[in-house]
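Number of protein chains: 2
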Amino acid sequence: MVYTGHSSKGAALTKLILASFPFHGALMAAGERLTALSGLTSARWQVLSVIARAERPETVANIARNMGLTRQAVQRVANDLAATGLVAFAPNPHHKRAVLVMLTATGQARFQEMSERQVPWANALADHLNKTHVDAAACVLGELAKLFEHRVGEP
Amino acid sequence: MVYTGHSSKGAALTKLILASFPFHGALMAAGERLTALSGLTSARWQVLSVIARAERPETVANIARNMGLTRQAVQRVANDLAATGLVAFAPNPHHKRAVLVMLTATGQARFQEMSERQVPWANALADHLNKTHVDAAACVLGELAKLFEHRVGEP
DNA sequence: ACCATTATGACAATATGTTGTCAAATAGGA
DNA sequence: TCCTATTTGACAACATATTGTCATAATGGT
Chain A
1 MVYTGHSSKG AALTKLILAS FPFHGALMAA GERLTALSGL TSARWQVLSV
51 IARAERPETV ANIARNMGLT RQAVQRVAND LAATGLVAFA PNPHHKRAVL
101 VMLTATGQAR FQEMSERQVP WANALADHLN KTHVDAAACV LGELAKLFEH
151 RVGEP
Chain B
1001 MVYTGHSSKG AALTKLILAS FPFHGALMAA GERLTALSGL TSARWQVLSV
1051 IARAERPETV ANIARNMGLT RQAVQRVAND LAATGLVAFA PNPHHKRAVL
1101 VMLTATGQAR FQEMSERQVP WANALADHLN KTHVDAAACV LGELAKLFEH
1151 RVGEP
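Chains as they are written, first to last, in our numbering: chain A, 1 to 155; chain B, 1001 to 1155.
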């Protein structure tokens, strides 16, 4: 493929972006397969994870900010999780509308189950990779996310 | 954050995966902003790009395979593109059902417009990054996509 | 030539995420 | 205190992508 007009770095970045699409698709598919064994979906597992890893109960809007998603997307998933009994809403003493989301006992157990599958999976995958490159990749993606948010290069 | 049970490489991979979510979200948002100026959307631009860069007209199913998406997803977008006159379907001498997708003159012009915006955008972003790291990142994402597809580490 | 398998497009149901809008709750400055 | 701006959850409309199902077209082995 030709990258007409791209600088050397620009071509490299475009290649990275083009590589990220199949990566994301394959990651989502793998996530679905892993989570399906727990009766979860990838999206619900992600939200559940953020809630489980948080030090204290958070509001939906806060969870959304942590995940880089919109409030509404997380709200709908959180409602689904509540409907299936994995999370529950608790009153927020600091805010009448913005209630706090907490794992139920079932939710904690489900998260634990998922972790027990996710950890050996990540370890097995990582064995095929160069740690330095993986660290560099995570670093680049983090930097790029910031650049995107700051609208760098946009007209 | 603690990565209980993870190997050193496994923890690095999990960090990469967690970094990929906000990256993907921010990339999609940037894509929407770039494409909105052409009256396109990110998904339609991606499909249009694959068609434009292909050496010869392809079928919808082929395009889907190239993109790592399902046939049906690409079919719907392709139908949308056809409805807005950016692509057209041509009979396939080798297959009665699987028609070929081609850019119209309008579609070519629209793709050209988008390229003229995308190239300086990628160049400006890439100026803030280390090319070696970007290359490594693209390489890691490509390798991971293959590992995901081969179900490595899955029970 | 025949038949089983695979590939393809059409269609429907569902999951996920976005934007827009609204009213209530909160925060911050005059 | 009061007024404005922001934040929040609820709701609706829509874009995107998935799975499943179906009928038709192509393929490959016997």
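Backbone N, C-alpha and C define an ideal beta-carbon position, used for all residues, glycine too.
Of the residues that make up the stretch 116 to 134 of chain A, which ones have a beta carbon closer than 9 Å to any beta carbon in chain B?
-> For the stretch 116 to 134 of chain A, which is checked against every Cβ of chain B, the residues closer than 9 Å are E116, R117, Q118, V119, P120, W121, A122, N123, A124, L125, A126, D127, H128, L129, N130, K131, T132, H133, V134.
What are the residues in the stretch 1003 to 1026 of chain B lying within 9 Å of chain A by C-beta distance?
Residues passing the 9 Å Cβ filter: Y1003, T1004, G1005, H1006, S1007, S1008, K1009, G1010, A1011, A1012, L1013, T1014, K1015, L1016, I1017, L1018, A1019, S1020, F1021, P1022, F1023, H1024, G1025, A1026.
- [ ] Using a Cβ cut-off of 8 Å, pull out every chain B residue sitting near E143 (chain A), in sequence order please.
- [x] Ordered by position in chain B, the residues that pass the 8 Å Cβ test against E143 (chain A) are H1128, L1129.
Less than 8 Å between CB atoms is the rule here; does R1076 (chain B) satisfy it with respect to chain A?
Cβ-Cβ to chain A under 8 Å: no for R1076 (chain B).
Margin query: Which residue marks the beginning of the beta strand (DSSP E) containing P1091 (chain B), and which one marks its end?
Written below: Per DSSP, P1091 (chain B) belongs to the beta strand (DSSP E) from 1087 to 1092.
Original post:
Under 8 Å, do L1100 (chain B) and F1111 (chain B) count as touching if we go by C-beta distance?
Top reply: Against a cut-off of 8 Å, the Cβ pair of F1111 (chain B) and L1100 (chain B) comes out as no contact.
- In angstroms, rounded to a whole number, what distance separates the CA positions of E1154 (chain B) and T1070 (chain B)? Whole-angstrom Cα-Cα distance: 22 Å.
query = Considering H95 (chain A), what are the terminal residues of the beta strand (DSSP E) in which it resides?
reply = First-last of the beta strand (DSSP E) with H95 (chain A): 95 to 103.
Worksheet item: Which residue's Cα is closest to the Cα of T1104 (chain B): B:S1020, B:E1113, B:A1082?
Response: The shortest Cα separation from T1104 (chain B) among B:S1020, B:E1113, B:A1082 belongs to B:A1082.
- Query: Helix, strand or coil for T1004 (chain B) per DSSP?
  - Reply: The answer is coil: DSSP assigns T1004 (chain B) none of H, G, I, E or B.
### Query
Are the stretch 108 to 124 of chain A and the stretch 36 to 47 of chain A touching by the rule of at least three beta carbon pairs closer than 8 Å?
With the cut-off at 8 Å, the stretch 108 to 124 of chain A and the stretch 36 to 47 of chain A touch.
Report task. Just mark S8 (chain A) as buried or exposed, buried being the case when its beta carbon has 16 or more other beta carbons within 10 Å. Result -> Classified as exposed, S8 (chain A) has fewer than 16 neighbouring CB atoms from the shown chains inside 10 Å of its CB.
- A1012 (chain B) to R33 (chain A), Cα distance in whole Å? The straight-line gap from Cα to Cα measures roughly 21 Å.
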